[in-house]
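Residue numbers (this note's numbering): 49 to 156.
Have a look at this one:
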């Protein structure tokens, strides 16, 4: 029996690998990807999730935007680690897929 998971992440380099592993692992049923601000802004982390899924032909997993800031702590991005895009380094083509219209909480 497969493990059914929803991956909640702030896609930078590390979460790009997590998306690829979860989507292609034979014992995981990836139900959705939800994005939040963290390594970079919500706009950038969501765009990174779309780029990774588009590049890897992961088209059957909905991607939804979540929170654009932490609930308690001040917002702190990590451009010194992940770059201004949140995933600087590789030249990944622009995505040809889109986020679902509902908020991540509603998708859950």
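Glycine included, every Cβ here is placed at the ideal spot set by N, Cα and C.
For residue 93, the uninterrupted alpha helix (DSSP H) run begins and ends at 90-103, by DSSP. DSSP links residue 83 through a beta bridge to 57, 113. Per DSSP, the unbroken alpha helix (DSSP H) holding residue 127 starts and ends at 127-130. Between the region 122-133 and the region 83-91, the count of Cβ pairs shorter than 8 angstroms is three or higher; the stretches touch. For residue 72, DSSP assigns no beta-bridge partner whatsoever. In the DSSP assignment, residue 155 falls within the alpha helix (DSSP H) that extends over 152-155. Per the C-alpha coordinates, the member of 134, 75, 71 positioned closest to residue 49 is 75. The beta-bridge partner set that DSSP reports for residue 52 consists of 77.
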